[in-house]
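Written out below as structure tokens is the structure these notes cover.
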Amino acid sequence: MAVEAAADEESPLLDQPDSLHLHLLRRSVSNTTSQVALVGAHICPIESLDYEIPENELFMQGWRSRGWIHKYQYIFMKWSLCFLVGLFAGLVGFFNNLSIENIAGIKFVTTSNMMLAHKYGQAFGVFAVSNFVLTLFSSAITAYVAPAAAGSGIPEVKAYLNGVDAPGIFSLRTLLVKIVGSICAVSSSLHVGKAGPLVHTGACIAAVLGQGGSKKHGLTCRWLRYFKNDRDRRDLVTCGSAAGIAAAFRAPVGGVLFALEEVSSWWRSTLLWRAFFTTAVVAVVLRGLIDILILLGVFGGILGSFYNFLLMKVLRFYNFIYRKGTVYKLVLACLVSVFTSCCLFGLPWLAPCRPCPIEALEECPTIGRSGNYKKFQCTPGHYNDLASLFFNTNDDAIRNLFSSGTNNEFDYLSILLFFFTSYFLGILSYGIVAPCGLFVPVILTGATYGRFVGMLVGTKSNLDHGLFAVLGSAAFLAGSMRMTVSLCVILLELTNNLLLLPLVMLVLLISKTVADCFNGNIYDQLVRMKGLPYLEAHAEPYMRQLAVSDVITGPLQFFNGVEQVGNIVHVLKTTRHHGFPVIDEPPFSDSPVLFGLVLRSHLLVLLKKKIFLHSRTLAGIDALNQFTANDFAKRGSGKGDSIDDIELTYDEMGMFIDLHPISNASPYTVVETMSLAKALILFREVGLRHLLVVPKSSNREPVVGILTRHDFMPEHILGLHPFLLRSRWKRLRFRLPSLTKLFRMSQPHIAPNA
Numbered sequence: 000m001a002v003e004a005a006a007d008e009e010s011p012l013l014d015q016p017d018s019l020h021l022h023l024l025r026r027s028v029s030n031t032t033s034q035v036a037l038v039g040a041h042i043c044p045i046e047s048l049d050y051e052i053p054e055n056e057l058f059m060q061g062w063r064s065r066g067w068i069h070k071y072q073y074i075f076m077k078w079s080l081c082f083l084v085g086l087f088a089g090l091v092g093f094f095n096n097l098s099i100e101n102i103a104g105i106k107f108v109t110t111s112n113m114m115l116a117h118k119y120g121q122a123f124g125v126f127a128v129s130n131f132v133l134t135l136f137s138s139a140i141t142a143y144v145a146p147a148a149a150g151s152g153i154p155e156v157k158a159y160l161n162g163v164d165a166p167g168i169f170s171l172r173t174l175l176v177k178i179v180g181s182i183c184a185v186s187s188s189l190h191v192g193k194a195g196p197l198v199h200t201g202a203c204i205a206a207v208l209g210q211g212g213s214k215k216h217g218l219t220c221r222w223l224r225y226f227k228n229d230r231d232r233r234d235l236v237t238c239g240s241a242a243g244i245a246a247a248f249r250a251p252v253g254g255v256l257f258a259l260e261e262v263s264s265w266w267r268s269t270l271l272w273r274a275f276f277t278t279a280v281v282a283v284v285l286r287g288l289i290d291i292l293i294l295l296g297v298f299g300g301i302l303g304s305f306y307n308f309l310l311m312k313v314l315r316f317y318n319f320i321y322r323k324g325t326v327y328k329l330v331l332a333c334l335v336s337v338f339t340s341c342c343l344f345g346l347p348w349l350a351p352c353r354p355c356p357i358e359a360l361e362e363c364p365t366i367g368r369s370g371n372y373k374k375f376q377c378t379p380g381h382y383n384d385l386a387s388l389f390f391n392t393n394d395d396a397i398r399n400l401f402s403s404g405t406n407n408e409f410d411y412l413s414i415l416l417f418f419f420t421s422y423f424l425g426i427l428s429y430g431i432v433a434p435c436g437l438f439v440p441v442i443l444t445g446a447t448y449g450r451f452v453g454m455l456v457g458t459k460s461n462l463d464h465g466l467f468a469v470l471g472s473a474a475f476l477a478g479s480m481r482m483t484v485s486l487c488v489i490l491l492e493l494t495n496n497l498l499l500l501p502l503v504m505l506v507l508l509i510s511k512t513v514a515d516c517f518n519g520n521i522y523d524q525l526v527r528m529k530g531l532p533y534l535e536a537h538a539e540p541y542m543r544q545l546a547v548s549d550v551i552t553g554p555l556q557f558f559n560g561v562e563q564v565g566n567i568v569h570v571l572k573t574t575r576h577h578g579f580p581v582i583d584e585p586p587f588s589d590s591p592v593l594f595g596l597v598l599r600s601h602l603l604v605l606l607k608k609k610i611f612l613h614s615r616t617l618a619g620i621d622a623l624n625q626f627t628a629n630d631f632a633k634r635g636s637g638k639g640d641s642i643d644d645i646e647l648t649y650d651e652m653g654m655f656i657d658l659h660p661i662s663n664a665s666p667y668t669v670v671e672t673m674s675l676a677k678a679l680i681l682f683r684e685v686g687l688r689h690l691l692v693v694p695k696s697s698n699r700e701p702v703v704g705i706l707t708r709h710d711f712m713p714e715h716i717l718g719l720h721p722f723l724l725r726s727r728w729k730r731l732r733f734r735l736p737s738l739t740k741l742f743r744m745s746q747p748h749i750a751p752n753a
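Here the sequence shown is numbered in numbering that gives the first Met the number 0, starting from 0 and rising by one per residue.
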């Protein structure tokens, strides 16, 4: 990204190059506050990036004026840029490998031929001169054309993602010099690698695309005006750095983990998904193999999302039954068990007995243990393929489906029957009152689906049916649970086959994308159905139209710095709040001022210890010495103290408590005009329980209100401002069904204790 950077403060050294060099060389290594830095091979001024979006009137007006088409355009361009970054990074990686192999190959072949002709002196001369020319050319174009391209570039990328910018580190000139210079340097037999330069190259590609090309060279795009901010460019550069590692080592998952662990300073789940998509594109470009996997991923996403839909319907029905009492829960569990037993024992009788294969790698039929060839009711020398799946543990059934070299082991009808049975039994079994999970049943159902697709494809694909089962599991899991990176690693570790990596990534991406068109992650849906107030990583668009003061409800409960015991007891008994602002008033301050925040649990400790004052004065040192930090430590999961368990006399109720020593004197606060979207990001990223809202004007009360998790819930917000729901529905009436189901919940959310 070509920028005209300037130091935050003018330095008299900037006009004196010699003094600048001397200043940089003499400064202490530990001095990290300098306005100049060594970028590549060039000392230049640096400046900080601003990842905050300024919410001024023009911004808010522009945001409100955007229609749903503009928002779709923004989302489409974001994913399109990730695709282009992955595509170009993959092409550059391929070009680098091809160029290095050919240049170095010509050098080594020529030298070897001279050695065979016993021309040792000439061989050394050709070898040394070619290395010298390549090194000189690489160094010359770097030093004179783009000094920022020197070195690996990883420190510059890491600093940029931490908020430090410098001129030319991501310019088009730096990108071209980085590619050519890296090829020449690696081809010159220097002990240098291509991985670091490819990280910088991927970041350069992302930055150039994100800023709309190069205005200097007349290569710009008006559609990319949405990315004219540091935050979006930061995310794109992160994806580019991950793509660089993926292109260098053909390790897409490794690229994502490298970006997460090494170069990125800010990370979130949406960025993980986009980085994974970018590196997957790189892997597909380098591998060049798609096969029938697109259809496998598409139908896997459809089946996975339909699985979620049916599961939520069944769970709502189970919840209706569970309201009748514990006995009904037990009866339902027993009925599901009986039905499952009938299916597992009865359905194998429908499958014909098959003769044992001659080339079987294990005993056939399998008797008395787990295996691929269950005898069941068959005669000696035959096995029941459906019983091999039903009459095994889930783990053994998955192992049978994943096994390679067993293309002729299962019949079409048996696989199809097992697929539908496991599909619906998994849905019926999950909601019973017993510890149970979804992961393994979904893997099993997906493996059956993949195996069936492999049988249908037959000889049209060179993939083994066991590999199709692995890819089917990936497609089904991505369609139901929407996991990507972790799922990819799990399946690779299960199969111990790294060659599957590009194929698994492609199937995961396609399946997740298709499934997202219908509904959400199954675990997210379960969280909402249970009424758990889960904070999403992103803010809803309508939150930018509201200020934090628009969602504050109810009278504010606060305490004075030195408060009467009776008032504290009354508030604790009449409210369920867990945090209270502490306000100092005269004579402890000139005017009412916010001192801090006190917790209910800490107040209970004070009341329990009965360290009271006879008058409204500050507590002395002697009173503080009666407490230790352990007295205020958070209790375990057992029952905590309750205000009802504390007995106080009438005289004690008229005494006072100094709250200053136990108050958090530096709580997080936001001004009442801050947008709700920005407050949500702060609340979630810091992991707060209470967020104080202070007035913009100084002539008002020092605290306007207090925000808790409940105040950020969509049900609470849209309940206070129903017009947002109506306008949002109008804007989203053409959107996919999953976005219209936000408020179709089986149970209302339960507001958490503040």
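No residue lacks a Cβ here, since even glycine has one placed at the ideal position from N, Cα and C.
These numbers were taken from a predicted model, which means no experiment stands behind them.
Margin query: If distances are taken between C-alpha atoms only, which option among V330, A468, L270 comes closest to L493?
Written below: Ranked by how close their Cα comes to the Cα of L493, the residues V330, A468, L270 have A468 in first place.
Check: In chain order, what residues of the same chain have a beta carbon less than 7 Å from the beta carbon of Q556, not counting five sequence neighbours either side?
Finding: Spatial neighbours of Q556 in its own chain (CB-CB distance under 7 Å, excluding positions within 5 residues in sequence) are listed in chain order as V570, T574, H576, F579.
Next item on the list: Starting from E562, trace the beta strand (DSSP E) both ways and give me its first and last residue.
Entry: Per DSSP, the unbroken beta strand (DSSP E) holding E562 starts and ends at 561–563.
Notebook entry, point to check: Is it buried or exposed for R699, if we count other Cβ within 10 angstroms and need 16 for buried?
Noted result: So R699 counts as exposed.
Notebook entry, point to check: Is the segment 121–133 touching the segment 233–247 in the sense that three or more CB pairs, one from each, lie closer than 8 Å?
Noted result: The segment 233–247 makes no contact with the segment 121–133; the number of CB pairs closer than 8 Å stays below 3.
Check: How many angstroms separate the CA atom of E260 from the CA atom of I182?
Finding: Looking at the two C-alpha atoms, the distance is approximately 27 Å.
Next item on the list: Could you check which residue in S421, N461, L462 has the C-alpha nearest to that of F475?
Entry: Closest by alpha carbon: S421.
Check: Who are the near neighbours of Y321 in its chain, counting only those whose CB is closer than 7 Å to its CB and skipping five residues on each side?
Finding: Spatial neighbours of Y321 in its own chain (CB-CB distance under 7 Å, excluding positions within 5 residues in sequence) are listed in chain order as Y327, K328.
Notebook entry, point to check: Between K529, S590, E646, which lies nearest to T568 when the distance is taken from Cα to Cα?
Noted result: It should be noted that the sequence gives Val, not Thr, for residue 568. Closest by alpha carbon: E646.
Check: What residue does the alpha helix (DSSP H) around T200 start on, and which one ends it?
Finding: Per DSSP, T200 belongs to the alpha helix (DSSP H) from 194–209.
Notebook entry, point to check: Is V432 buried or exposed, if buried means 16 or more other CB atoms sit within 10 Å of its CB?
Noted result: Exposed is the call here.
Notebook entry, point to check: In whole angstroms, what separates the C-alpha of K157 from that of F257?
Noted result: In a straight line, the C-alpha of K157 is about 11 Å away from that of F257.
Item checked: V792 and F558 closer than 7 Å at C-beta -> Because the chain is modelled from 0 through 753, residue 792 falls outside the range shown and cannot be assessed.
Next item on the list: Find the nearest neighbour of N393 within the set T365, K374, L424, G85, judged by alpha-carbon distance.
Entry: Of the candidates T365, K374, L424, G85, the one whose C-alpha sits nearest the C-alpha of N393 is L424.
Item checked: Which listed residue (S268, V252, V207, F298) has its alpha carbon closest to that of V280 -> Checking every option, the nearest Cα to that of V280 belongs to V252.
Next item on the list: Mind reading off the beta-carbon distance from L593 to V693? Whole number of angstroms is fine, and I expect it under 8 Å.
Entry: That belief holds up - the Cβ atoms of L593 and V693 are roughly 7 Å apart, short of 8 Å.
Next item on the list: May I have the straight-line CA-CA distance separating S641 from L603, to the nearest angstrom?
Entry: C-alpha of S641 to C-alpha of L603: approximately 7 Å in a straight line.
Note to self: Between the alpha carbons of P747 and Y541, how many angstroms are there, rounded?
What the structure shows: Unreliable positioning characterises P747 in this predicted model, as indicated by a pLDDT of 33, which lies under 50. The coordinate reading is nonetheless provided below. Counting only the Cα atoms, Y541 lies some 21 Å from P747.
Next item on the list: State whether the segment 381–397 contacts the segment 344–356, with contact taken as three or more CB pairs (one from each stretch) at a distance under 8 Å.
Entry: Contact holds: three or more Cβ-Cβ distances are below 8 Å.
Item checked: Sufficient close CB pairs (3 or more, under 8 Å) joining the segment 532–541 to the segment 312–319 -> These segments do not touch.
Checklist line | Alpha carbon of G162 to alpha carbon of L545, nearest angstrom | finding: C-alpha separation (whole angstroms): 29 Å.
Checklist line | Within the segment 234–260, ranges of the beta strand (DSSP E) (whole runs, at least 3 residues) | finding: Within the segment 234–260, no complete beta strand (DSSP E) run reaches 3 residues.
Check: So, helix, strand or coil for T668, using DSSP?
Finding: Three-state result, T668: strand.
Notebook entry, point to check: With a cut-off of 8 Å, do at least 3 Cβ pairs link the segment 607–617 to the segment 650–663?
Noted result: Enough Cβ pairs lie closer than 8 Å, so yes.
Next item on the list: Could you tell me the distance, in whole angstroms, from the CA atom of D710 to the CA atom of A473?
Entry: D710 and A473: Cα-Cα distance of roughly 38 Å.
Margin query: Checking 7 Å against the spacing of the C-beta atoms, do I153 and V176 come in under that value?
Written below: Not a contact, by the Cβ cut-off of 7 Å.
Notebook entry, point to check: In terms of alpha-carbon separation, which member of P701, C81, Y649 lies closest to V564?
Noted result: Nearest option by C-alpha distance: Y649.
Next item on the list: Give the secondary structure of R230 by DSSP, where H, G and I count as helix, E and B as strand, and everything else as coil.
Entry: Helix, per DSSP.
Next item on the list: Just confirm the distance between the C-beta atoms of L208 and L86, as a whole number of angstroms; I'd bet it's less than 8 Å.
Entry: Between the beta-carbon of L208 and that of L86 there is about 10 Å, and that puts the pair past the 8 Å contact cut.
Notebook entry, point to check: If you check the beta carbons only, do L719 and I705 fall under 7 Å apart?
Noted result: L719 places its beta carbon 7 Å or farther from that of I705.
Note to self: Suppose the cutoff is 7 Å on Cβ atoms and the five residues either side in sequence are ignored; what does the same chain contact list for L717 look like?
What the structure shows: Excluding positions up to five away in sequence, the list reads L723, L724.
Check: So, helix, strand or coil for Y382, using DSSP?
Finding: The DSSP-derived three-state label of Y382 is strand.
Next item on the list: Between the Cα of N101 and those of G120, S47, L174, V185, spot the shortest distance and give me the residue it belongs to.
Entry: Ranked by Cα distance from N101, the options G120, S47, L174, V185 are led by V185.
Notebook entry, point to check: Grouping DSSP H, G and I as helix and E and B as strand, with all else coil, what is L37?
Noted result: L37: strand per DSSP, three-state reduction.
Next item on the list: Decide yes or no for the touch test of the segment 661–671 against the segment 504–518: beta carbon pairs closer than 8 Å, at least 3 of them.
Entry: Contact between the segment 661–671 and the segment 504–518 is absent, because fewer than three Cβ pairs lie under 8 Å.
Note to self: Please state the DSSP three-state secondary structure of S696.
What the structure shows: Coil at S696, not helix or strand.
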